[in-house]
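Accompanying notes for the structure given below.
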Amino acid sequence: MNSEHFDHPELDKATERIRQESIEPAAVEKAAQRVWSRIAATGAHAPVAHTIHGCKDYQDLIPAYLAGSLTPARKLLLEDHTHECVSCRKVLERMRKGKVVEFPGGGASQWAVRPSFPWAMAAGLAICMGLASWMVYRLVGPGSVGSRAVVEAAEGVLYRVSGNATQALAQGQELPAGDQIRSAKESNAMIRLRDGSQVELRERSGFYVTESGDDLTLHLQYGAVLIQAAKRRVGHLFVQTRDVKVAVTGTVFGVDAGSKGSRVSVVEGEVHVTHGEMEKVLHAGDQFASAVTMTPVSVAQDIAWSRNREEHLALLREFAKLNNTLAEEVHLPDLRYSSRLVDLLPAETALYASIPNLSTAIGQAQEVIRRKVQESPELSRWWAEKAEGGNGSGRFDEMMTRLRSANEYLGSELIFTAAMDSSGRLQHPVFLAELKRSGFREFVQAEWTRTAGSRPQSLHFVNSAAEAAALPRNGAFFLVRQDMVVFAPDGATLARTAAILEGPGAGRFPGSPFYSRIQEAYRGGAGILVAADLERITASQSAETRRQTPPGMANLKYLVVESKEIAGRSNTAAVLSFRGPRTGIASWLAVPAAIGSLEFVSPEAGFAAGFVVKEPKAALEELFTWAAANNSGFTTQLALVEGTLGVSILNDLAGPLGGEFSVALDGPALPVPSWKVVAEVYDPGRLQQSLEKVIAAYNTMAVSNNKPTVTFSQEQAGGRTYYKLVVPQFAPWNEIDYVFVDGYLLAAPSRTLLDRAIQYRATGYTLVRSQAFQAMLPADRFANFSGIVYQNLATGIAPILETMGGSRAGAGTPMQTMIAGLKATLFTVYGEEDKITVASQGGVFGLGFANLIQLGLTDMLMPGRNREGTRTPAASSK
Amino acid sequence: MATAIMEQVQQISSEEMEKIFREHHGLVFRAAYRVTGNASDAEDVLQTVFLRLWRRDPESLVVERLPGYLHRAAVNAALDVVQSRQERGKMALDDLAPKLLADKMPTPEREHASTEIRDWLRRAVGRLSPQAAEIFALRFFEGLDNPEIAESVGTTTASVAVTLSRSRERIQKEFSSFWTKKAGRQS
Chain A
0 MNSEHFDHPE LDKATERIRQ ESIEPAAVEK AAQRVWSRIA ATGAHAPVAH TIHGCKDYQD
60 LIPAYLAGSL TPARKLLLED HTHECVSCRK VLERMRKGKV VEFPGGGASQ WAVRPSFPWA
120 MAAGLAICMG LASWMVYRLV GPGSVGSRAV VEAAEGVLYR VSGNATQALA QGQELPAGDQ
180 IRSAKESNAM IRLRDGSQVE LRERSGFYVT ESGDDLTLHL QYGAVLIQAA KRRVGHLFVQ
240 TRDVKVAVTG TVFGVDAGSK GSRVSVVEGE VHVTHGEMEK VLHAGDQFAS AVTMTPVSVA
300 QDIAWSRNRE EHLALLREFA KLNNTLAEEV HLPDLRYSSR LVDLLPAETA LYASIPNLST
360 AIGQAQEVIR RKVQESPELS RWWAEKAEGG NGSGRFDEMM TRLRSANEYL GSELIFTAAM
420 DSSGRLQHPV FLAELKRSGF REFVQAEWTR TAGSRPQSLH FVNSAAEAAA LPRNGAFFLV
480 RQDMVVFAPD GATLARTAAI LEGPGAGRFP GSPFYSRIQE AYRGGAGILV AADLERITAS
540 QSAETRRQTP PGMANLKYLV VESKEIAGRS NTAAVLSFRG PRTGIASWLA VPAAIGSLEF
600 VSPEAGFAAG FVVKEPKAAL EELFTWAAAN NSGFTTQLAL VEGTLGVSIL NDLAGPLGGE
660 FSVALDGPAL PVPSWKVVAE VYDPGRLQQS LEKVIAAYNT MAVSNNKPTV TFSQEQAGGR
720 TYYKLVVPQF APWNEIDYVF VDGYLLAAPS RTLLDRAIQY RATGYTLVRS QAFQAMLPAD
780 RFANFSGIVY QNLATGIAPI LETMGGSRAG AGTPMQTMIA GLKATLFTVY GEEDKITVAS
840 QGGVFGLGFA NLIQLGLTDM LMPGRNREGT RTPAASSK
Chain B
0 MATAIMEQVQ QISSEEMEKI FREHHGLVFR AAYRVTGNAS DAEDVLQTVF LRLWRRDPES
60 LVVERLPGYL HRAAVNAALD VVQSRQERGK MALDDLAPKL LADKMPTPER EHASTEIRDW
120 LRRAVGRLSP QAAEIFALRF FEGLDNPEIA ESVGTTTASV AVTLSRSRER IQKEFSSFWT
180 KKAGRQS
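Protein sequences, first through last, are from chains A and B.
Quick note: numbering that gives the first Met the number 0 has the first sequence finishing at residue 877, numbered continuously throughout.
Quick note: numbering that gives the first Met the number 0 has the second sequence finishing at residue 186, numbered continuously throughout.
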């Protein structure tokens with residue numbers, strides 16, 4: 000590292016000139032004289048009678064300062080202090096202006112012009128509701144304390160509006176619930192809410208607080224707040240503006256409600272913002288604006304009015320720096336467009352996996368982590384603590400180092416492959432990589448010895464096929480050639496591979512259709528590539544196995560899975576291809592079409608899956624035929640079951656069904672997860688009849704076996720019949736409610752959920768139409784899909800785990816961290832004539848390489864977050 | 000030790016204070032001049048630094064050696080000036096223009112170009128984080144070496160080196176675009 004010079008001579012010249020910049024000694028002396036005379040004249044250099052401690056003391060001097068009665072020394076001190084302290088400067092400015100403009104009069108102020116009719120009504124309504132809820136609270140709430148907030152500190156004028164009365168508030172005063180709190184021009188206040196959250200209120204802002212159950216809602220009517228939310232075990236703190244709702248647990252964030260819309264800026268942790276149909280998760284440094292006309296400003300700028308901004312900004316910087324630097328500086332290797340190694344493989348290759356060499360990325364991540372730890376005292380403390388514990392930073396770092404140093408010997412890709420042997424069985428896998436530098440053998444030897452323990456296998460190195468031929472069966476075998484290394488877990492496999500490598504070229508992979516398929520993948524750029532020649536793998540199956548293969552699964556061709564990062568976004572696609580048109584089970588998935596059943600699923604769903612299928616009856620029939628062919632007793636058993644139930648499964652249960660299904664977890668997770676099943680039904684009457692028959696048959700059986708029976712009831716409401724089943728054995732999941740709506744059967748664990756689902760569909764508040772979902776759709780030629788699998792477990796499931804975590808696993812288990820860090824993912828499925836494609840933006844479950852590193856890091860470097868109850872951003876903020 | 004100096008400062012008389020001022024004002028003024036690039040700002044810095052010293056703000060006096068402390072205080076107060084000048088600059092360039100122009104002496108073309116680069120560099124340093132800016136100024140404007148800086152700001156030499164290297168990288172990067180634009184203007 001050269002810290003002496005810049006890479007630009009002009010800069011070197013400039014710093015040199017600055018160092019040598021001289022000023023006339025006489026000029027310095029003159030200036031010094033002026034300064035000294037100013038200081039001396041004021042007597043500031045003499046010992047001060049009463050020492051000034053902090054801002055309060057300075058602010059006490061302001062009246063005297065304005066009155067001109069302050070000693071020159073103090074005057075200078077105060078002027079200097081207000082120069083550097085924004086909050087004291089504001090107080091000074093306000094008090095100075097205060098002489099001219101008396102604010103609390105109200106009439107002439109901004110307040111008078113602002114409230115329009117809807118506003119006035121909203122305010123009136125809010126106050127009424129607030130009052131009402133306050134009265135209810137007084138009656139039923141815990142204790143007799145009616146306040147939901149207390150003023151901790153106020154600068155300037157703060158008042159409360161209750162009913163028709165307006166009253167100025169003083170520091171330490173409690174604020175009754177439902178009262179609106181307003182800050183005047185150039186005032187700012189710190190208010191502590193009942194749950195411990197701290198609200199900093201900007202000038203010209205107004206809010207009131209309501210409470211329902213365990214939730215506390217701060218209604219920000221206008222202006223801005225900066226909230227340091229307290230960690231809570233139950234319930235949430237919500238901030239509600241005209242158009243946005245923000246949900247939090249333990250975090251720092253700012254909300255600005257203006258005339259155009261609302262802006263939410265997150266300083267620390269994570270918040271969930273709901274705006275219309277859209278829900279967004281924001282992490283530290285993220286910002287959301289509800290109106291397009293509100294252009295983004297930096298989070299730092301957005302909270303610049305806060306007195307605690309330095310503290311907040313320091314936090315923000317920590318988080319932002321770590322996330323951004325990782326995202327910016329850790330790159331997956333470039334895509335590979337060809338491979339030298341693939342040409343050297345045997346013609347019988349049936350499995351092929353190629354992954355990029357991550358040594359550079361690991362090195363980058365390590366470098367970033369080390370640097371960040373060194374730069375930040377907080378991180379460095381955590382890091383040191385963890386290293387002492389012996390299971391955190393040290394091991395993580397060591398692991399990364401080992402992985403990296405192994406990879407540093409190897410070329411840009413690592414290949415795992417397996418070929419079929421002459422008897423049609425899959426051989427042991429072989430690992431291949433190009434060698435970049437010498438010393439690999441010594442490295443492996445050293446690692447082997449270091450980790451040997453009581454391992455019985457021996458390590459063998461050979462340099463040629465001839466040597467490989469003499470190898471024993473068991474052990475670890477490396478063929479080290481000048482430019483490549485091959486590893487195999489058995490000698491024979493290594494020998495065979497070595498023979499092909501050294502051979503004249505006959506029997507090699509190029510020329511086979513599978514080779515062409517792999518080349519095709521390389522042409523599109525390879526990141527992680529896994530390909531299997533299913534046709535070859537299944538070719539040697541016995542007739543017996545073939546007969547047992549489910550219908551449609553016998554003509555599989557290739558499975559190709561590709562995951563790659565393009566322009567910073569991961570894309571994953573799996574293609575299962577067939578030798579001809581899909582048949583049997585493989586053909587159940589219909590060609591892409593609209594999935595109407597998904598319209599019952601809201602954007603808040605934690606999980607959703609929906610599929611369009613071919614006719615269920617025909618599909619089931621095919622399956623039955625295959626089962627009967629494989630199991631002679633099947634037909635008899637089926638007849639027996641159908642006889643007992645009194646229905647024909649094919650005709651009465653599958654027959655009425657239509658061509659699409661959806662399942663979802665959508666709604667509160669407690670006490671019972673809000674599951675939801677939607678199925679298209681062509682003949683609801685017949686299906687209902689069959690279901691009733693099945694229930695009756697089940698109850699008859701239950702009675703004779705002395706088991707509790709299923710209660711079945713129905714209810715008419717709004718022109719619909721709601722059916723309710725209670726199955727005592729399944730408690731607490733014992734209730735199933737269902738209803739037929741416009742050709743769909745809709746089932747859920749409660750009537751409320753059914754109504755809500757119907758409402759979602761009626762109002763268009765649906766997952767599929769939400770912006771978040773639309774943004775996740777892959778860019779391709781399809782307008783519809785044959786199926787989707789969507790998860791947003793971080794919002795759906797994490798709260799459940801959190802609740803459970805308190806009593807069992809403890810907060811912050813790796814699983815929880817993992818889930819909290821998951822980004823929403825969407826897999827789309829397309830059925831085409833001879834193939835099925837599954838595609839997703841984002842790596843598997845949204846965990847790209849960079850995300851994984853960040854997850855591990857966040858978990859390690861911020862162990863305090865669970866103690867402090869802050870849900871820090873685990874995944875990237877992209 | 001730090002407390003000892005504070006006590007010492009607290010107990011000194013106004014004559015002694017004057018002595019301290021006479022002994023060290025040159026150091027403070029020159030450092031401030033190098034960082035801000037103009038005499039009137041340097042004069043403000045001089046006043047600020049000594050006012051703070053007299054005020055016995057305990058934080059400002061947690062130091063072992065007075066010259067070292069004053070040097071550092073001068074650089075920081077000067078950086079504050081540079082930084083606040085930029086903030087003002089963002090809001091109202093017009094207000095600022097006459098002052099900036101007045102600061103510049105009419106000079107031949109080449110001299111002017113070099114002044115422009117120095118001004119640019121000072122502003123760029125002002126855009127660094129406070130600590131990075133301080134370290135950068137101590138190293139490149141004040142000519143301290145890394146161990147001296149580390150001791151002065153209370154960190155490790157390695158951390159100084161890393162901070163410097165990052166600041167240098169950032170400034171180089173910004174400079175390249177400034178330089179390109181400048182070249183574009185001139186051609």
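Each residue gets a CB set at the ideal place from its N, CA and C atoms; glycine is no exception.
Quantities reported herein were computed from a predicted structural model and do not represent experimental measurements.
#1: Let me confirm a value: A72(B) is counted as buried when at least 16 other C-beta atoms fall within 10 Å, else exposed. Which label applies?
#2: Flag W732(A) as yes if its beta-carbon sits less than 7 Å from any beta-carbon of chain B, otherwise no.
#3: Against A774(A), what residues of chain B qualify as contacts under a CB-to-CB distance less than 7 Å, listed in chain order?
#4: Tell me, please, whether the CB atom of H7(A) is closer than 7 Å to any CB atom in chain E?
#5: Just the Cα atoms here: how many angstroms apart are E407(A) and A432(A)?
#6: For the stretch 407 to 417 of chain A against the stretch 335 to 353 of chain A, are there 3 or more C-beta pairs whose distance is under 8 Å?
#7: Name the DSSP bridge partner or partners of D879(A)?
#8: How about Q19(A): is its C-beta nearer than 7 Å to some C-beta of chain B?
#9: Can you check which of these residues, E199(A), R495(A), A468(A) and F784(A), is closest to G595(A) by C-alpha distance?
#10: Please report whether the beta-carbon of K103(B) lies at a distance below 7 Å from any beta-carbon of chain A.
#11: Taking Cβ-Cβ distances below 7 Å as the criterion, which residues of the stretch 179 to 207 of chain A are in contact with chain B?
#12: Determine, using beta-carbon pairs with one atom in the stretch 418 to 426 of chain A and one in the stretch 466 to 485 of chain A, whether at least three such pairs fall under 8 Å.
#13: Alpha carbons only, please: which of F606(A), T762(A) and Y722(A) is nearest the one belonging to L745(A)?
#14: Grab me the residues of A246(A)'s own chain with a C-beta within less than 6 Å of its C-beta, minus the 5 sequence neighbours each way, in chain order.
#15: Cβ of G253(A) within 7 Å of Cβ of I180(A)?
#16: Looking at the structure shown, is V80(B) part of a helix, part of a strand, or coil, going by DSSP?
#17: Please report whether the beta-carbon of T81(A) lies at a distance below 7 Å from any beta-carbon of chain B.
#18: Could you name the residues of chain B that I38(A) contacts, counting a contact when the two beta carbons are closer than 8 Å?
#19: Compile a chain-ordered list of the residues in the stretch 344 to 375 of chain A whose CB is closer than 7 Å to at least one CB of chain B.
#20: Nearest-angstrom Cα distance between T77(A) and S186(A)?
#21: Are the C-beta of W304(A) and some C-beta of chain B separated by less than 7 Å?
#22: Specify the secondary structure class of K181(B) as computed by DSSP and reduced to three states.
#23: Determine the closest residue to H274(A) out of V243(A), E267(A), T643(A) and T250(A), with distance taken between C-alpha atoms.
#24: Let me see if you follow: with CB-CB separation under 7 Å, is V266(A) close to chain B or not?
#25: Would you say V611(A) and A589(A) are within 7 Å of each other, going by their C-beta atoms?
#26: Report the rounded CA-to-CA distance for I148(B) versus D79(A), giving the unit in angstroms.
#27: Comparing C-alpha positions only, which one of T635(A), P602(A) and A531(A) sits nearest to L825(A)?
#28: Against A26(A), what residues of chain B qualify as contacts under a CB-to-CB distance less than 7 Å, listed in chain order?
#29: Kindly say whether V34(A), judged by its beta-carbon, lies nearer than 7 Å to any beta-carbon of chain B.
#30: Can you check which of these residues, V726(A), T720(A), A730(A) and P727(A), is closest to Y737(A) by C-alpha distance?
#31: What does R16(A) reach in chain B if we use C-beta pairs closer than 7 Å?
#32: For F660(A), which of helix, strand or coil comes out of DSSP?
#33: What distance in whole Å lies between the Cβ atoms of R18(A) and G142(B), which are believed to be in contact at a cut-off of 8 Å?
#34: Check for me: the alpha helix (DSSP H) holding F623(A) runs from which residue to which?
#35: As a quick exercise: from T240(A), L656(A) and H459(A), pick the residue whose alpha carbon is nearest that of A223(A).
#36: What's the gap between the Cα of P683(A) and the Cα of R755(A)?
Straight from the coordinates:
#1: Flag for A72(B) reads buried.
#2: Not an interface residue.
#3: The premise fails here: A774(A) is roughly 32 Å from chain B at the closest Cβ pair, so nothing lies under 7 Å.
#4: Here the protein chains are A and B, and chain E is not one of them.
#5: Using only the alpha carbons, I get a separation of about 11 Å.
#6: Contact holds: three or more Cβ-Cβ distances are below 8 Å.
#7: In this structure chain A extends from 0 to 877, so residue 879(A) is not present and cannot be described.
#8: Taking 7 Å as the threshold, the shortest C-beta distance from Q19(A) to chain B does not fall below it.
#9: It is F784(A) whose Cα lies nearest to the Cα of G595(A).
#10: Since pLDDT at K103(B) reaches only 41, below the 50 mark, its modelled position is unreliable, and no value is offered.
#11: Flagged: no residues at all.
#12: The stretch 418 to 426 of chain A vs the stretch 466 to 485 of chain A: no contact.
#13: Ranked by Cα distance from L745(A), the options F606(A), T762(A) and Y722(A) are led by Y722(A).
#14: Within the same chain, H235, F237 and H271 come within 6 Å of A246(A) by CB-CB distance, once the 5 residues on both sides are set aside.
#15: No, the Cβ-Cβ distance between G253(A) and I180(A) is not below 7 Å.
#16: If DSSP states are grouped into helix, strand and coil, V80(B) belongs with the helices.
#17: Closer than 7 Å: no.
#18: Within 8 Å Cβ-Cβ: F20, Q46, F49, L50 and W53.
#19: Listed in sequence order: R370, Q373 and E374.
#20: The amino acid occupying residue 77(A) in the given sequence is Leu; Thr does not appear at that position. Near 20 Å, if we compare the C-alpha coordinates of S186(A) and L77(A).
#21: No, W304(A) lies away from the interface with chain B (no Cβ there is under 7 Å from its Cβ).
#22: In the structure shown, the three-state DSSP call for K181(B) is helix.
#23: With distances taken between Cα atoms, H274(A) lies closest to V243(A).
#24: No - not a single Cβ of chain B is within 7 Å of the one on V266(A).
#25: Contact annotation: V611(A) and A589(A) have beta-carbon atoms nearer than 7 Å.
#26: Looking at the two C-alpha atoms, the distance is approximately 27 Å.
#27: If we check each option's Cα against that of L825(A), P602(A) comes out closest.
#28: Neighbours of A26(A) on chain B, chain order: A38.
#29: With 7 Å as the cut-off, V34(A) counts as an interface residue toward chain B.
#30: Per the Cα distances, T720(A).
#31: Correct list: S113 and R117.
#32: If DSSP states are grouped into helix, strand and coil, F660(A) belongs with the strands.
#33: Contact annotation, G142(B) with R18(A): C-beta distance approximately 5 Å; criterion of less than 8 Å satisfied.
#34: Counting along the chain, the alpha helix (DSSP H) containing F623(A) begins and ends at P615 to N629.
#35: Per the Cα distances, T240(A).
#36: Distance between the alpha carbons of P683(A) and R755(A) is about 21 Å.
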